[in-house]
Amino acid sequence: MDSFLRRLRALWGIRWRNIPLTAAAGIVAVGLVAGGLALAFGPGSKPENAALTTAAGEHKPTSGAVERIDAAAAIAKDSAAKKAAQEKAAAEQAERARVAKQRAARSEQRRAALEQAAAKKAAEKKAAAKKAAAEKVAAKRAAAKAERAAEKRAAEKKAAEKKLALKKAAAKKAALAAKKAREWVLPVASYHLTGRFGQSGSNWAMFHHGLDFAADTGTPIHAVGNGEIISAGWQNAYGNAIEIRHPGGTVTLYGHMSRFAKTGGSVKAGDVIGYVGATGNVTGPHCHLEVRPHGGGLDDAVDPLPWLKSKGLNP
Numbered sequence: 001m002d003s004f005l006r007r008l009r010a011l012w013g014i015r016w017r018n019i020p021l022t023a024a025a026g027i028v029a030v031g032l033v034a035g036g037l038a039l040a041f042g043p044g045s046k047p048e049n050a051a052l053t054t055a056a057g058e059h060k061p062t063s064g065a066v067e068r069i070d071a072a073a074a075i076a077k078d079s080a081a082k083k084a085a086q087e088k089a090a091a092e093q094a095e096r097a098r099v100a101k102q103r104a105a106r107s108e109q110r111r112a113a114l115e116q117a118a119a120k121k122a123a124e125k126k127a128a129a130k131k132a133a134a135e136k137v138a139a140k141r142a143a144a145k146a147e148r149a150a151e152k153r154a155a156e157k158k159a160a161e162k163k164l165a166l167k168k169a170a171a172k173k174a175a176l177a178a179k180k181a182r183e184w185v186l187p188v189a190s191y192h193l194t195g196r197f198g199q200s201g202s203n204w205a206m207f208h209h210g211l212d213f214a215a216d217t218g219t220p221i222h223a224v225g226n227g228e229i230i231s232a233g234w235q236n237a238y239g240n241a242i243e244i245r246h247p248g249g250t251v252t253l254y255g256h257m258s259r260f261a262k263t264g265g266s267v268k269a270g271d272v273i274g275y276v277g278a279t280g281n282v283t284g285p286h287c288h289l290e291v292r293p294h295g296g297g298l299d300d301a302v303d304p305l306p307w308l309k310s311k312g313l314n315p
């Protein structure tokens, strides 16, 4: 009996609030069974065991003991419920942490993707700006090149126009010279000049009023321009001479002819009117040419050399 009581007291001394309900119930059951077995089969004497058995039967748990067992069970149940709640809360917290971690990972992925997209956009923008700048520079260079080419073409065109103008002017001048050459000719084709206008000496009464074209006797003498023969015959110091009046009133005189080819009528530039000789006051065969712009006498005579040059001729 003492052994059973000691064991029961030991059982009541356990802190029920720290033991789960199932464990407490098991311990109580095991304790009761163990106590009964100990009483029935313990080492004591049969009378003692019988007494213990009788005592065990006599000392059944009271209503207070049952209430304490129920309270311990309730405490154990509450402790188990709290533990389950704690475990559930811990699981929920872990789940929330996992979800938060996943969300953080997705957010980081989105941030990285946004940063990558922004970097790509910035790179594309920079490349586009660089390309635009290069295109602008290329366009500027092309425009400058085109401008230089246009300036070159304009300069070439201007030079060509100037060259053409000069060519036209030269052609016009040549045409005028040719026209003048057709309208005016030298009196002798093959010659050399001897007496000049204004010379003085024993060969002339006053001074020389003309230009002498020395040539062999018989060399043809040509009318220097279109006109009308107004005189043909012997003129003292001039020997055989012909006078021609040209349009405008200028008179030309050809002296010292050996003979006449024409003695009257109209003539054209280049017509043969006589031949070189040495008649009159001469030192050798030649054609003496005088020019009288107003058709007057010796006082009207001018230097034939510049007059011939004014007609496009170059004696």
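If you're matching positions, the sequence shown starts at 1 in the UniProt record's numbering and goes up one per residue. Just so you know, even glycine gets a beta-carbon here, dropped at the ideal spot from N, CA and C. Given the structure is predicted, the values throughout are model-derived calculations rather than measurements.
In this structure, does DSSP put R196 in helix, strand or coil?
-> Reading the sequence shown from its first residue, position 196 is the one you call residue 196. Three-state result, R196: coil.
Compute the Euclidean distance between the alpha carbons of S107 and A90, then round it to the nearest angstrom.
-> Reading the sequence shown from its first residue, position 107 is the one you call residue 107. Reading the sequence shown from its first residue, position 90 is the one you call residue 90. C-alpha separation (whole angstroms): 25 Å.
From what residue to what residue does the alpha helix (DSSP H) around S190 run?
-> In the sequence shown, residue 190 corresponds to position 190, counting from 1. No alpha helix (DSSP H) holds S190; DSSP gives it neither H nor E.
Identify the continuous beta strand (DSSP E) that holds W234 and give its terminal residues.
-> The residue given as residue 234 occupies position 234 in the sequence shown. G227 to W234 is the extent of the beta strand (DSSP E) around W234.
Can you give me the start and stop residues for the alpha helix (DSSP H) that H304 sits inside?
-> Within the sequence shown, residue 304 is the residue found at index 304, counting from 1. One detail in the question is off: residue 304 reads as Pro in this sequence, not His. That run of the alpha helix (DSSP H) goes P304 to S310.
Could you pull out every residue in the same chain whose Cβ sits closer than 6 Å to the Cβ of I244, ignoring the five residues on either side in sequence?
-> As a first step, residue 244 must be located in the sequence shown, where it is residue number 244. Around I244: A223, G227, I229 and T252.
May I ask you to verify whether the region 253 to 261 touches the region 285 to 294, counting CB pairs closer than 8 Å and requiring at least 3?
-> yes
Would you tell me roughly how many angstroms separate the C-alpha atoms of A149 and A165, rounded to the nearest one?
-> Here residue 149 refers to the residue found at position 149 when the sequence shown is read from its first residue. Here residue 165 refers to the residue found at position 165 when the sequence shown is read from its first residue. So the two alpha carbons sit approximately 23 Å from each other.
Please report how far the alpha carbon of E124 lies from the alpha carbon of Q86, in whole angstroms.
-> Stepping through the sequence shown from its first residue, residue 124 is reached at position 124. Stepping through the sequence shown from its first residue, residue 86 is reached at position 86. C-alpha separation (whole angstroms): 55 Å.
C-alpha distance - G265 paired with V272, whole-angstrom precision = Counted from its first residue, the sequence shown places residue 265 at position 265. Counted from its first residue, the sequence shown places residue 272 at position 272. Distance between the alpha carbons of G265 and V272: 13 Å.
Per-residue burial, W114 [other beta carbons within 10 Å of its own, 16 or more giving buried] | If you number the sequence shown from 1, residue 114 lands on position 114. The residue asked about is misnamed: residue 114 is Leu in this sequence, not Trp. Counting Cβ neighbours within 10 Å, L114 comes out exposed, since fewer than 16 surround it.
Secondary structure at D212, three-state DSSP: helix, strand or coil?
-> As a first step, residue 212 must be located in the sequence shown, where it is residue number 212. If DSSP states are grouped into helix, strand and coil, D212 belongs with the strands.
Give me whichever residues DSSP pairs with A243 in a beta bridge.
-> Walking along the sequence shown from the start, residue 243 turns up at place 243. Here residue 243 is Glu; the residue named in the question, Ala, does not match the sequence. According to DSSP, which records beta bridges pairwise, E243 is partnered with S231 and L253.
Flag this pair as yes or no: are the beta carbons of Y275 and G218 separated by less than 7 Å?
-> The residue given as residue 275 occupies position 275 in the sequence shown. The residue given as residue 218 occupies position 218 in the sequence shown. Against a cut-off of 7 Å, the Cβ pair of G218 and Y275 comes out as a contact.
Looking only at its own chain, which residues have a Cβ that is under 7 Å from the Cβ of G216, when we skip the five neighbours before and after it?
-> Within the sequence shown, numbered from 1, the residue matching residue 216 stands at position 216. A quick correction: the sequence has Asp, not Gly, at residue 216. Correct list, in chain order: V276 and P285.
Go through its chain and collect everything with a Cβ distance to V188's Cβ below 8 Å, but skip five positions before and after it.
-> As a first step, residue 188 is located in the sequence shown; it is residue number 188 there, counting from the start. Closer than 8 Å at the Cβ level, and outside the excluded window around V188, lie F213, A215, T219, P220, I221, H222, V276 and C287.
Could you tell me which of F197, P247, K309 and K311 sits nearest to D299, measuring between CA atoms?
-> Stepping through the sequence shown from its first residue, residue 299 is reached at position 299. For the residues F197, P247, K309 and K311, the minimum Cα distance to D299 belongs to F197.
Spatial neighbours of P43 within its chain, please: CB distance less than 7 Å, with the 5 preceding and 5 following residues excluded, ordered by chain position.
-> Here the question's residue 43 lines up with position 43 in the sequence shown. With a pLDDT of 45 at P43, under the threshold of 50, the modelled position of this residue cannot be trusted; read the value that follows with caution. The answer is none, since no qualifying residue turns up.
CA-to-CA distance, E135 to A142, given in whole angstroms | Translated into positions along the sequence shown, residue 142 becomes position 142. Translated into positions along the sequence shown, residue 135 becomes position 135. Spanning the two alpha carbons is a distance of roughly 10 Å.
Straight-line CA distance for H294 to K167?
-> Position 294 of the sequence shown, counted from the first residue, corresponds to residue 294. Position 167 of the sequence shown, counted from the first residue, corresponds to residue 167. In a straight line, the C-alpha of H294 is about 37 Å away from that of K167.
What three-state label does DSSP hand L289 in the structure shown?
-> To locate residue 289, count along the sequence shown from 1; it is residue 289. L289: strand per DSSP, three-state reduction.
Under the three-state reduction of DSSP, which class applies to G64: helix, strand or coil?
-> Position 64 of the sequence shown, counted from the first residue, corresponds to residue 64. G64 falls in the helix class under three-state DSSP.
For V137, name the three-state secondary structure that DSSP assigns.
-> Taking the first residue of the sequence shown as position 1, residue 137 is located at position 137. Here V137 sits in helix by DSSP.
Determine the DSSP secondary structure at V272, reduced to helix, strand or coil.
-> Walking along the sequence shown from the start, residue 272 turns up at place 272. Strand.
Answer yes or no: do W184 and K311 have a C-beta to C-beta separation smaller than 7 Å?
-> Locating residue 184 in the sequence shown gives position 184, where the first residue counts as 1. Locating residue 311 in the sequence shown gives position 311, where the first residue counts as 1. Yes, the pair counts as a contact, with Cβ atoms nearer than the cut-off.
Determine the extent of the beta strand (DSSP E) in which G265 is found, giving its start and end residues.
-> Taking the sequence shown and counting its residues from 1, the one referred to as residue 265 is at position 265. From DSSP, the beta strand (DSSP E) with G265 extends over G265 to V267.
Sorted by chain position, which residues of the same chain lie with C-beta nearer than 6 Å to H192's C-beta, five sequence neighbours on each side aside?
-> Position 192 of the sequence shown, counted from the start, is the residue given in the question as residue 192. For H192, where only same-chain residues beyond five positions count, the Cβ hits under 6 Å are A214.
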